[in-house]
DNA sequence: CTCAATTATTGACTATTCGTCATTTAATGA
DNA sequence: TCATTAAATGACGAATAGTCAATAATTGAG
């Protein structure tokens, strides 16, 4: 006996089919190529039915972003709960971020879209709040690791510093790096054949700059990174075929 | 005696008027609010005439980005040519970036737009190359300062490191931070009342992590930053009323 | 100055899109 | 069986990008 009626199940299936199609279209031809008419046509439903699921195009896009963000939050939680030193847990967060990008190469494009085009205003409070919640939760998780490091004596912040500033440093570096990486194919021509590794080095050196011990010169965090990837997200990540 | 005929001048004026209007519209209501019809209406010209200047909407957007990028390149060159230590010149680059964002708050939104929506494909080779050129030049300038630092003995890169990796670190951090800052109004709610200052700290700590002397703990780079802002870009920046 | 040739401008037109809603179709259960 | 409720439809209105034949303005040779 199911908790959902056949109708409810059908509806949910259709919804995920819509999102799946939309994701493919977005990947294929960007925001402008994502057309409600085409979704309806490919679904073999009329447009009106699609609009019963999502009141507008923007809600679909934000839904896609939220699906991804939810997974990222899970991965960050997994990384944070790892039994290791604070900086190793931080490395695990890095592994989570890298794995997330591997699984959702579209996410940054979508996130940028949501931020830049006037998509935000057209979406429902509920979905907007969900998104902000996910982001805030991610920050809180990373902030928690920072505070643990302080508690453990591995990190001492200067007077005019807060954990939030450090988290913002990592966040902005990651966001920027992956935005550039996923939307630019000419990085080799500019002397950066392996931008992901460059990001990894820079993250470590930033934490070294904060004096978060053990410093990356004294410990092989790349090994930790690979280990976290394997143990925590190895083989198959949750919710992914 | 002008080198341009009256017609050419008129055309150029009209072109900059179009860009000006487009910029305002983009600021006002985003990519979707930027309408060729509305531009034509507000210019009091017909649509066809607008299309004689720009073959499509996307070219207008890329033009706007390029206008801004050109100015940033100028500012970076100015900063790099400053007579000071390598890390001070780096601080001047930071001042240039900050000043650039102050003058062009729209730039990051437009840049993200160009990257994420399918704008890139629709634009001319010429404009695309101009953009890539500007970006590459900016990187080269910053890379030049890094190399000067190495020559001066203020910086020693590890074996597996290159100047490009460092530049990428600064680039991604700046790009990410300003993208987030200019597209998010809820940073205070997340414990970041002054994100620009946070960025500044993080940049310095990253360079400290690289061991670029004098370290920020030994030298007041914020003073340098303010000084560069004043001396190099103070009062009125070039090409700005 | 005149007027044919060139150049610039126009806006009606096509095609495409989003989102709505009266109408039709299907499902339900008394 | 059939009245009532729910779901699905697609024609429609309103915007928009971009085109292009027709029109207006400019130019410069005679």
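Protein chains in written order, with the UniProt record's numbering: chain A, 1 to 241; chain B, 1 to 241. Beta carbons: idealized from backbone N, C-alpha and C, even for Gly. Predicted, not measured: the structure shown is a model, and the values here were computed from it.
Starting from residue 37 of chain A, trace the alpha helix (DSSP H) both ways and give me its first and last residue.
Here residue 37 of chain A refers to the residue found at position 37 of the first chain. Where residue 37 of chain A is concerned, the enclosing alpha helix (DSSP H) stretches over 36-43.
Using a Cβ cut-off of 7 Å, which residues of the region 98-132 of chain B contact any Cβ in chain A, in chain order?
Those would be 109, 112, 113, 115, 116, 117, 118, 132, in chain order.
Apart from the five residues just before and just after residue 1 of chain A, which ones in its own chain have a Cβ nearer than 8 Å to its Cβ?
In the first chain, residue 1 of chain A corresponds to position 1, counting from 1. Residue confidence for residue 1 of chain A is low, a pLDDT of 42 falling below 50, so the modelled location carries little weight and cannot support an answer.
Ordered along the chain, which non-local residues of its own chain (more than five positions away) have a Cβ less than 7 Å from that of residue 23 of chain B?
Working through the second chain from its first residue, we reach residue 23 of chain B at position 23. Excluding residues within five positions, the ones whose Cβ falls inside 7 Å are 64, 106.
Terminal residues of the continuous alpha helix (DSSP H) containing residue 122 of chain B?
Taking the second chain and counting its residues from 1, one reaches residue 122 of chain B at position 122. That residue, residue 122 of chain B, is in no alpha helix (DSSP H); it is neither H nor E in DSSP.
Buried or exposed: which applies to residue 77 of chain A, given that a residue is buried once 16 or more other Cβ atoms fall within 10 Å of its Cβ?
Sequence index remark: in the first chain, residue 77 of chain A carries index 77 (1-based). When all chains shown are included, residue 77 of chain A counts as exposed.
Taking only the alpha-carbon atoms, compute the straight-line gap between residue 71 of chain B and residue 91 of chain B and give it to the nearest angstrom.
Counting from 1 along the second chain, the entry for residue 71 of chain B is found at position 71. Counting from 1 along the second chain, the entry for residue 91 of chain B is found at position 91. Residue 71 of chain B and residue 91 of chain B: Cα-Cα distance of roughly 18 Å.
Which residues in the same chain as residue 212 of chain A place their Cβ atom closer than 8 Å to its Cβ, once the five residues preceding and following it in sequence are excluded?
Taking the first chain and counting its residues from 1, the one referred to as residue 212 of chain A is at position 212. Excluding sequence neighbours, residue 212 of chain A sits near 86, 87, 90, 149, 154, 155.
Okay, do the region 217-226 of chain B and the region 51-68 of chain B touch, 3+ Cβ pairs below 8 Å being the bar?
Taking 8 Å as the limit for Cβ pairs, the verdict is that the region 51-68 of chain B does not touch the region 217-226 of chain B.
Taking residue 174 of chain A as the query, report the chain B residues whose CB atoms sit under 9 Å from its CB, ordered along the chain.
The count along the first chain starts at 1 and reaches residue 174 of chain A at position 174. By Cβ distance, chain B contributes 172, 176.
When we look at the beta-carbon of residue 208 of chain B and count the other beta-carbons within 10 Å, is it buried (16 or more) or exposed?
As a first step, residue 208 of chain B must be located in the second chain, where it is residue number 208. Classification for residue 208 of chain B: buried.
Could you tell me which chain A residues have their CB closer than 7 Å to the CB of residue 206 of chain B, listed as they occur along the chain?
Along the second chain, one-based indexing puts residue 206 of chain B at 206. Correct list: 202, 205, 206, 209.
Quick one: measure Cβ to Cβ for residue 305 of chain B and residue 191 of chain A, integer angstroms, because I've assumed they're closer than 8 Å.
Any property of residue 305 of chain B remains undetermined from this structure, which presents chain B solely from 1 to 241.
Which term fits residue 143 of chain B, buried or exposed, when burial requires 16 or more other beta carbons within 10 angstroms of its beta carbon?
Position 143 of the second chain, counted from the start, is the residue given in the question as residue 143 of chain B. Buried.
So, under 8 Å CB-CB, residue 179 of chain A and residue 132 of chain A are touching, yes? Tell me the CB distance rounded to an integer number of Å.
Indexing the first chain from 1 puts residue 179 of chain A at position 179. Indexing the first chain from 1 puts residue 132 of chain A at position 132. Not confirmed; about 19 Å, so no contact.
Given a threshold of 16 other Cβ atoms within 10 Å of its Cβ, counted over all protein chains shown, does residue 201 of chain B qualify as buried or as exposed?
Position 201 of the second chain, counted from the first residue, corresponds to residue 201 of chain B. Buried, by the Cβ-count rule.
Could you list which residues in chain B have their beta carbon closer than 8 Å to that of residue 233 of chain A, in chain order?
The residue given as residue 233 of chain A occupies position 233 in the first chain. Result: empty, since nearest Cβ-Cβ is about 23 Å, beyond 8 Å.
Between residue 31 of chain A and chain B, is there a C-beta pair that is closer than 8 Å?
Numbered from its first residue, the first chain carries residue 31 of chain A at position 31. Residue 31 of chain A counts as touching chain B.
What whole-angstrom Cβ distance do residue 15 of chain A and residue 53 of chain A have, given they're in contact under 8 Å?
As a working note, residue 15 of chain A is residue 15 in the first chain. As a working note, residue 53 of chain A is residue 53 in the first chain. Yes, they are in contact, since the Cβ atoms of residue 15 of chain A and residue 53 of chain A sit about 5 Å apart, within 8 Å.
Smallest Cα separation from residue 57 of chain A: which of A:32, A:75, A:46, A:126?
To locate residue 57 of chain A, count along the first chain from 1; it is residue 57. When only C-alpha atoms are compared, the closest one is A:32.
What span of residues does the alpha helix (DSSP H) with residue 201 of chain B cover, start to end?
Residue mapping note: residue 201 of chain B aligns to position 201 of the second chain, counting from 1. First-last of the alpha helix (DSSP H) with residue 201 of chain B: 195-210.
Count the other C-beta atoms from every protein chain shown that fall within 10 angstroms of the C-beta of residue 104 of chain B, then say buried if there are 16 or more, exposed otherwise.
Taking the first residue of the second chain as 1, we reach residue 104 of chain B at position 104. Under this definition residue 104 of chain B is a buried residue.
Can you find a CB in chain A that lies within less than 8 Å of the CB of residue 164 of chain B?
Within the second chain, the letter at position 164 stands for residue 164 of chain B. Yes - at least one Cβ of chain A is within 8 Å of the one on residue 164 of chain B.
Please report whether the beta-carbon of residue 168 of chain A lies at a distance below 8 Å from any beta-carbon of chain B.
The residue labelled residue 168 of chain A in the question sits at position 168 within the first chain. By this cut-off, residue 168 of chain A is an interface position.
Can you check whether the C-beta of residue 24 of chain B is within less than 8 Å of a C-beta belonging to chain A?
Translated into the one-based positions of the second chain, residue 24 of chain B becomes position 24. So, not an interface residue.
Pull up the distance between the alpha-carbon of residue 37 of chain A and that of residue 118 of chain B, whole angstroms please.
In the first chain, the residue the question calls residue 37 of chain A occupies position 37. In the second chain, the residue the question calls residue 118 of chain B occupies position 118. So the alpha carbons of these two residues sit roughly 19 Å apart.
Please confirm whether residue 187 of chain B and residue 172 of chain A have their CB atoms less than 8 Å apart.
The residue labelled residue 187 of chain B in the question sits at position 187 within the second chain. The residue labelled residue 172 of chain A in the question sits at position 172 within the first chain. Result no, Cβ atoms of residue 187 of chain B and residue 172 of chain A do not sit closer than 8 Å.
Within the same chain, show all residues whose beta-carbon is closer than 6 Å to that of residue 95 of chain B, passing over the 5 residues directly before and after it, in chain order.
Position 95 of the second chain, counted from the start, is the residue given in the question as residue 95 of chain B. Result list for residue 95 of chain B: 225, 228, 229, in chain order.
Can you find the residues in the same chain that come closer than 7 Å, C-beta to C-beta, to residue 44 of chain A, ignoring five residues on each side of it along the sequence?
What you label residue 44 of chain A is simply residue 44 of the first chain in a count that begins at 1. There are no such residues.
Which value, in whole angstroms, describes the spacing of the CA atoms of residue 238 of chain B and residue 206 of chain B?
To locate residue 238 of chain B, count along the second chain from 1; it is residue 238. To locate residue 206 of chain B, count along the second chain from 1; it is residue 206. In this prediction, residue 238 of chain B scores a pLDDT of 47, lower than 50, which makes its location untrustworthy; the coordinate-derived value is nonetheless stated afterwards. So the two alpha carbons sit approximately 30 Å from each other.
For residue 135 of chain A, count neighbouring Cβ atoms within 10 angstroms of its own Cβ and tell me buried if that reaches 16, exposed if not.
Working through the first chain from its first residue, we reach residue 135 of chain A at position 135. Classification of residue 135 of chain A: buried, given that the 10 Å Cβ count is 16 or more.
I'd like to check one pair, residue 128 of chain B with residue 59 of chain B: are the Cβ atoms closer than 8 Å?
On the second chain, position 59 is the one that residue 59 of chain B refers to. On the second chain, position 128 is the one that residue 128 of chain B refers to. Contact: no.
Classify residue 68 of chain A as buried or exposed, calling it buried when 16 or more other Cβ atoms lie within 10 Å of its own Cβ.
In the first chain, counting from the first residue as 1, residue 68 of chain A sits at position 68. The residue is buried, with at least 16 neighbouring Cβ atoms inside 10 Å.
For chain B, is any of its Cβ atoms less than 8 Å away from the one on residue 198 of chain A?
In the first chain, the residue the question calls residue 198 of chain A occupies position 198. Closer than 8 Å: yes.
Using DSSP with H/G/I as helix, E/B as strand and the rest coil, what is residue 238 of chain A?
Counting from one through the first chain, the residue named residue 238 of chain A turns up at place 238. Note that residue 238 of chain A scores 47 on pLDDT, short of 50, meaning its location in the model is unreliable; the coordinates nonetheless yield the value given after this. In this structure, residue 238 of chain A counts as coil in the three-state DSSP scheme.
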